[in-house]
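Data block below; observations after.
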Amino acid sequence: MKIAIYTLGCKVNQYETQAMEQELLRRSHTLVDFDQPADAYIVNSCTVTAVSDKKCRNIIRRAKKNFPDAVVAVCGCYGQTDPQAVASLGVDLVSGSGGRMDFLDQLEAQYRQRSGQIILVDRAMDRREFERFPANGATGRTRAMLKVEDGCAYFCSYCIIPYARGTVRSLPLHEAVEQILQLAQLGYREVVLTGIELCSWGRDLEGQPTIIDLLEAVCQAAPSLRVRLGSLEPRTVTPEFCARAAALPNLCPHFHLSLQSGCDTTLARMNRKYDTARYRQSIQLLRDFFSNPGITTDLIVGFPGETQEEFTHTLDFIRACAFSAMHIFPYSPRPGTPAASMDGQVSARDKELRAKQAAQVAGELEQNWLHSLVGQTLPILFEEQKNGLWHGHAPNYAQVRAAGEDLHNQIRSTLIYGIEGGILSGRLTTS
């Protein structure tokens, strides 16, 4: 079969798509772009916001319209939380988890039979199973993702994902080491550790190892690989964590700490497990132990009950944190979550205005951070060529472009001399 996959959402979804691609290739299928003719189209869906749901529906409709004779299948979180809504769009197969082998088996069966009957793969995920695929071959990418954790037990009041992904399941440490070694042998230069709640890794394993134990194991096993964390829960950042992490030369100093709000009363309504004082402590610790790290975050504006005063507190707080980059989302009600029925729902207009204000502050902070890097020489992993220049990322995740010959998958020392359009301009050095 010719199969096309469209992926929405987080790095976990990207990993699961990567895993499906490798398995499909192993089964002798051919992968094509989503807008090309194919026998089957897979939409790996996301449901983190209402906008995510809408995007999923639009992609599904596009595939059905453009290729009416093809099999259209949906996996991922939207398929898990609302399979009937997905099925009503006329798809042939709906499954919750992007990595399930039975999903691919059913896809092949649906293609063979073409019965026209929607198949709903069992939604009851085996909570004991940790879905994973080995990478069976390099695909021209410089950076691989390794999913080491699935599920979440925090149940923030706005979030539907714990209901979609289930309880915490961790990839055993020895298997993570095996897979990191395999990725190094395949020629990747960087691996991103991903999970739905990455810092919960290990809580379901014997002895309850922690994320820093995992980091030490994979970094030491493959010293030639740059290792990057997908995200961190702020309370994970302790003096011990930072001291052990800073001793790992191939750990990228880029830390994504989800904030969601810079106001303590809003954080309490969100059922977050920290306050702004603890969050600031984490920021300071990272800057104490790492030189000019990239610190990024997520922010939700217009959460139910958020007053203008609370929002002002948030703006003041993000300025004080001086993030290198931010993802900003207007609050999106998710049916079935406590926040959806809370009093004080903020109007769409106010949410839009607050998102614009926060984005403006975030843009200023990002520019300040980029300017702080000018004059430094950074090791850049170059990934792709655009308009005659090679683009890549520094360990702190600053994006850099420079001129050169074939730099794909090379790490080169680069002197940063300027900024253009939010991207650092660099010049290769001889060192």
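Mapping to numbering that gives the first Met the number 0: the sequence shown position 198 is 197, numbers consecutive. All C-beta atoms, glycine included, are put in the ideal place defined by N, C-alpha and C. Quick caveat, the model's predicted, so the values are computed rather than measured.
Which residues bound the beta strand (DSSP E) around residue i?
i	result
Gly293	293 to 300
Ser159	The amino acid at residue 159 is misidentified as Ser; the sequence shows Ile. Counting along the chain, Ile159 falls outside any beta strand (DSSP E), and DSSP gives it neither H nor E.
Ser424	422 to 427
Arg271	From DSSP, Arg271 is part of no beta strand (DSSP E); its letter is neither H nor E.
Glu382	376 to 385
Thr6	1 to 6
Determine the burial state of residue i: buried for a count of at least 16 other Cβ atoms within 10 Å of its Cβ, exposed for fewer.
i	result
Ala134	Here the model assigns Ala134 a pLDDT of 44, short of 50, so the residue's position is not dependable, and the following value carries that caveat. By the neighbour-count rule (16 or more Cβ atoms within 10 Å), Ala134 is buried.
Thr306	exposed
Asn57	exposed
Gly229	buried
Pro36	exposed
Gly335	exposed
Ile6	Per the sequence shown, residue 6 should be read as Thr rather than Ile. With 16 or more other Cβ atoms within 10 Å, it is buried.
Asp121	At Asp121 the pLDDT is 47, less than 50, meaning the model places this residue with poor confidence; the figure from the coordinates comes in the next sentence. Counting Cβ neighbours within 10 Å, Asp121 comes out exposed, since fewer than 16 surround it.
Gln79	buried
Arg348	exposed
Lys350	buried
Glu15	buried
Gln109	buried
Ser44	buried
Thr429	exposed
His326	exposed
Gly301	buried
Gln17	buried
Lys146	buried
Asn395	buried
Arg333	buried
Gly8	buried
Ala163	buried
Ala319	exposed
Gly186	exposed
Ala242	exposed
Ala3	buried
Thr237	exposed
Thr311	exposed
Glu75	In the sequence on display, residue 75 carries Gly and not Glu. Flag for Gly75 reads buried.
Hey, could you find the ends of the alpha helix (DSSP H) residue i is sitting in?
i	result
Ala84	82 to 86
Ile210	210 to 220
Phe328	Segment 324 to 329 is the beta strand (DSSP E) holding Phe328; no alpha helix (DSSP H) there.
Val179	First, the amino acid is wrong: residue 179 is Ile here, not Val. From DSSP, the alpha helix (DSSP H) with Ile179 extends over 172 to 184.
Trp368	347 to 372
Ser281	275 to 288
Ala242	238 to 245
Glu309	307 to 320
Gln13	10 to 25
List the DSSP bridge partners of residue i.
i	result
Arg142	Glu189
Leu256	Leu231
Asn57	DSSP, once it has assigned bridges, lists no residue as partnering Asn57.
Ala393	Ala393 is not bridged to any residue.
Cys262	DSSP, once it has assigned bridges, lists no residue as partnering Cys262.
Cys74	Asn43
Asp438	The requested residue 438 is not part of the displayed model; the chain covers only 0 to 430.
Ala401	Trp389
Ser412	Pro378
Thr29	Lys1
Ile418	Leu423
Val226	Val190, Leu250
What is the C-beta distance between residue i and residue j, in whole angstroms, given that I count them as a contact (C-beta under 8 Å)?
i	j	result
Val11	Ile195	6 Å
Phe240	Thr275	Actually they are not in contact, since the Cβ atoms of Phe240 and Thr275 sit about 20 Å apart, beyond 8 Å.
Val70	Leu30	Going by Cβ atoms, the distance from Val70 to Leu30 rounds to 15 Å, so no, they are not a contact pair.
Leu224	Phe254	So it is not a contact: roughly 18 Å between Cβ atoms.
Ser331	Val50	7 Å
Cys251	Arg227	4 Å
Can you find at least 3 beta carbon pairs, one from the segment 292 to 307 and one from the segment 256 to 266, that sit closer than 8 Å?
yes
Counting pairs of Cβ atoms below 8 Å between the segment 363 to 372 and the segment 412 to 428, do you hit three or more?
yes
Three or more C-beta pairs under 8 Å: does that hold for the segment 167 to 174 against the segment 275 to 293?
no
Any chance the segment 177 to 187 sits against the segment 196 to 213, with 3 or more Cβ pairs inside 8 Å?
no
Pair every Cβ in the segment 15 to 29 with every Cβ in the segment 58 to 66, then say whether three or more of these pairs are closer than 8 Å.
no
Taking 8 Å as the threshold, find out whether the segment 72 to 92 comes into contact with the segment 102 to 110 through three or more Cβ pairs.
yes
Between the segment 261 to 274 and the segment 149 to 166, can you find at least three pairs of beta-carbon atoms closer than 8 Å?
yes
Determine contact between the segment 375 to 383 and the segment 357 to 367, defined as no fewer than three beta-carbon pairs at a distance below 8 Å.
no
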